[in-house]
Each structure stands twice: as structure tokens, then as C-alpha cells.
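See below for the structure under consideration.
Numbering (the numbering used here), first residue to last: 1373 to 1765.
This is the structure:
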């Protein structure tokens, strides 16, 4: 598919015959892209996405400038072909990943942070795996990735783990689209991930009408404060209804998905922010809700620990560096993206017990609190030295 005179897309779906029933709807969602299907060469063998990825990345169409590989459990947004073309055209020299799932700690945080800041792009980590549910690369890089993959035995299973070191070695930056352009279909895993259950992506809504200039609008481009190398010194995480900080510590070789984070209240000072200020801001929000007779106040009074943890996760995501120094933009679409980013944080971040205890009204109040927390955090001034800017006035 020709996007403009100097950009032509090549698109393939890496497919396992066990999912043949899902293939027609995916092909239809990609129309009018000229999609080709690359099938697992040994579908009866041990599970191995890498086995099929080797062939998918080598299948670059003649004359294409960019190659896109979709997995067969992807669910694209409405108008996918046009959005994909515009996104690739906006970053022709970079890798473009079309989704980031919530189980990716640093990358999902980068997407959520960008969503809260009104940005269209999120830089991907150079230490975490690169999301490959949908990934676009310049054609030359796609061929080089196929050659790189060919050096590894199929028994290594994963393809996404190897994309990151490949890109780092070649100096190829990878950015995620915000919002994400594809979601997991929720089909049974073919690679041993059944225990993880549903693995939703970070910011996705299939029927959104994404503005035509969203990907190329300079105002939504990669702001200087978000244009990092992909390392990031901290990520904010909500897990089992607790807010935690995940610090990047070079040379420690920590498992990427380990469940042990640093308590936000005790360790926020390492980011140059006082945890007590977060508590004070939450107390002010609760007091305002009480004065107004806000129904959400009943939730805050009944579940103070939960609401404080949600507030902290939202507030710190909006406040901690790197962030924008400008006020939040106020377009209707940006508000939808911001809201969805926090909805998915709550969907995956609450404990089963808390989720069961919440009524529909409680859930709405909790989301409103998260939105207020993110806005308050974004507006808060701070110093990396740990000195409160409020005292400096």
C-alpha cells in the first residue's frame, strides 16, 4: 500500500492454523491493505512464535519501504489501514509498535504517561521486550531483523525479547502509538500464557475516530520531556491495589516482571518529590468532595487506603519526570485517551477483593478520583533535588 510517493507498506500476518476462524475478521479489519498470511511452518510442533516470526519478517514485499507484522490475535481499531499509514509516515525512520500490553511494566507506564500528557507517541524501553502484537519497521531493518532471528533456534520461543537488543545495537528507536492501534483478541494462548488470563493493552478503544493529523501534529509529537533514550529512571505502577515505584538500576540485571516495587510514600524522595505532598493533595481532594456532597466521598470515606493508592499512582504519573512543562491540552479526543489510560490502569491494577467490593458507582468515582489525581500531579511543580518548589515560591 502506497502511503505517499516515498513510502509503501508491506503487511503480513503471522498465523497459526489453530486460529483460522479468527483470520477472516482480521483480514477484513485491515482492508484495503494488501495483507499476506505467513503460516507457522510446523504448527504441530512445540509452541514457538519465533519460528513464524523468522519467516514473517523476511517476507518484505518487493518495492516496500516499510514492513508491518501483525500477530493473528490482533484486533485493529476502526479505520486501521489509514491510521497505520499515517503513523508510519509520521516516523519513517523509526520502529512503530502498535500496542503495549499492561504486563509490560516500563513500556505501559511510558504509554500511560504520554496519554496523560496529550502526546501521540511513547518511547519504548531499551531494556524491556519490544511489543510485537503489531510492529512496523523500515524495510531494510525488517530484513536485518529476519537475518538476526535466523541465528537463534526456534526453541527459544519468544520473538519480542530479541527485538530490543537488535534495535539497540542498530541505533533504531521504537515508539508506541498513543492510543494503541491493535488489541489482543482474548483468544487462548498458543505459547503457554494461559495463566496470565486476558492481557489488555494500555490505551485502546476500537471505535475511536482518531483525528487525521493526530500522528503528525507537532503539538502532539514527542515533547522534549518525553524524548528520552528509553531507559527512564522510574516507572509508577498500580498492582494489587498498591502504588509502587519501579526504579531502573543499570547493571543489576533484575527480572523485568518481578513483583517487588518500592513503596511510593517512603521512596518518592528518590525522584525529588515528597510523598507527604501526595497525601496532602489527596486529603484536599477528599475534603472538596465532602463539601460538594460528591457521591464519591462515600467511597473515599469507606475505602481510604484504596483511594489513596489510586490517587498516588495517578498523581505521580502526572507529576514525576520526565513530563511536560506545559498545561494539559484540552481537546475532546485527548480527554478520551487520558480517561481510557486510567481506566485500564484500574482494570488491571486493583486486587480481586477490591474489584468485587466496588459497585458501578464506586468504580465511576474511583476513575474520577484518578483523573483528578493525574491533573493535580501534572500541575504540581517540583524539584529533582527534593526541595519542595512550593517553599521556593
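Where a beta carbon is used, it is the ideal one built from N, C-alpha and C, also for glycine.
Q: Enumerate in chain order the residues of its own chain whose CB-to-CB distance from residue 1671 is below 6 Å, with the five nearest sequence positions on each side excluded.
A: Looking up residue 1671 in the chain shown gives position 299. Excluding residues within five positions, the ones whose Cβ falls inside 6 Å are 1734 and 1737.
Q) Smallest Cα separation from residue 1400: which of 1533, 1410, 1385 and 1479? A) Working through the chain shown from its first residue, we reach residue 1400 at position 28. With distances taken between Cα atoms, residue 1400 lies closest to 1385.
Q. Quick one: any contact between the stretch 1491-1504 and the stretch 1536-1554, if contact means 3 or more CB pairs under 8 Å?
A. Flag = yes, the stretch 1491-1504 and the stretch 1536-1554 touch.
Q) By a C-beta neighbour count over all protein chains shown, 10 Å radius and 16 as the cutoff for buried, is residue 1579 buried or exposed? A) What you label residue 1579 is simply residue 207 of the chain shown in a count that begins at 1. Exposed, since its Cβ has fewer than 16 Cβ neighbours within 10 Å.
Q.
On the CB-based measure, 16 or more other CB atoms within 10 Å of its CB, does residue 1510 come out buried or exposed?
A. Residue mapping note: residue 1510 aligns to position 138 of the chain shown, counting from 1. Buried, because 16 or more other Cβ atoms sit within 10 Å of the Cβ of residue 1510.
Q: Consider the C-beta atom of residue 1621 and the heavy atoms of the ligand SAH; say whether any pair is separated by less than 7 Å.
A: This structure simply doesn't include the ligand SAH, nor any ligand for that matter.
Q. Quick one, are the C-beta atoms of residue 1480 and residue 1633 less than 8 Å apart?
A. Numbered from its first residue, the chain shown carries residue 1480 at position 108. Numbered from its first residue, the chain shown carries residue 1633 at position 261. Contact flag unset, no.
Q: Under the assumption that residue 1446 contacts residue 1403 (Cβ atoms under 8 Å), give the Cβ distance between them as a whole number of angstroms.
A: Here residue 1446 refers to the residue found at position 74 when the chain shown is read from its first residue. Here residue 1403 refers to the residue found at position 31 when the chain shown is read from its first residue. Contact flag wrong, Cβ pair sits at about 14 Å.
Q) By how many angstroms is the C-alpha of residue 1461 removed from the C-alpha of residue 1439? A) Start at 1 with the first residue of the chain shown, and residue 1439 comes out as number 67. Start at 1 with the first residue of the chain shown, and residue 1461 comes out as number 89. Spanning the two alpha carbons is a distance of roughly 12 Å.
Q. Quick one: is residue 1765 buried, meaning 16 or more other Cβ sit within 10 Å of its Cβ, or exposed?
A. Taking the chain shown and counting its residues from 1, one reaches residue 1765 at position 393. Caution is warranted here: a pLDDT of 28 is assigned to residue 1765, below 50, making its placement in the model unreliable, and no coordinate value can be reported.
Q | Residues of its chain near residue 1532, where Cβ-Cβ distance is below 7 Å and the 5 sequence neighbours each way are ignored | A | In the chain shown, residue 1532 corresponds to position 160, counting from 1. Result list for residue 1532: 1501, 1502, 1503 and 1504, in chain order.
Q: Tell me residue 1411's beta-bridge partners as DSSP assigns them.
A: Within the chain shown, the letter at position 39 stands for residue 1411. Answer is 1387, bridged to residue 1411.
**Q.** Contact between the stretch 1417-1433 and the stretch 1512-1529 (3+ Cβ pairs under 8 Å)
**A.** yes
Q.
Tell me which residues share the same chain as residue 1745 and place their Cβ nearer than 6 Å to its Cβ, disregarding the 5 neighbours each side in the sequence.
A. Position 373 of the chain shown holds residue 1745. Correct list, in chain order: 1683, 1686 and 1687.
Q: Return the first residue and the last residue of the alpha helix (DSSP H) that residue 1546 is part of.
A: Numbered from 1 along the chain shown, position 174 holds the residue referred to as residue 1546. Unbroken run through residue 1546 is the beta strand (DSSP E), 1546-1549; no alpha helix (DSSP H).
Q. Closest by CA to residue 1552, which one among 1407, 1690 and 1472?
A. Indexing the chain shown from 1 puts residue 1552 at position 180. Of 1407, 1690 and 1472, the residue nearest in Cα terms is 1472.
Q. Taking 8 Å as the CB-CB limit, is residue 1587 close to chain B?
A. Absent from the structure: chain B. Only one protein chain is present.
**Q.** Pick from 1644, 1543, 1395 and 1577 that is closest to residue 1466, judged by C-alpha positions
**A.** Stepping through the chain shown from its first residue, residue 1466 is reached at position 94. When each option's Cα is compared against that of residue 1466, the closest is 1543.
Q.
Pairs of beta-carbons, one from the stretch 1702-1715 and one from the stretch 1652-1664, closer than 8 Å: are there three or more?
A. Flag = no, the stretch 1702-1715 and the stretch 1652-1664 do not touch.
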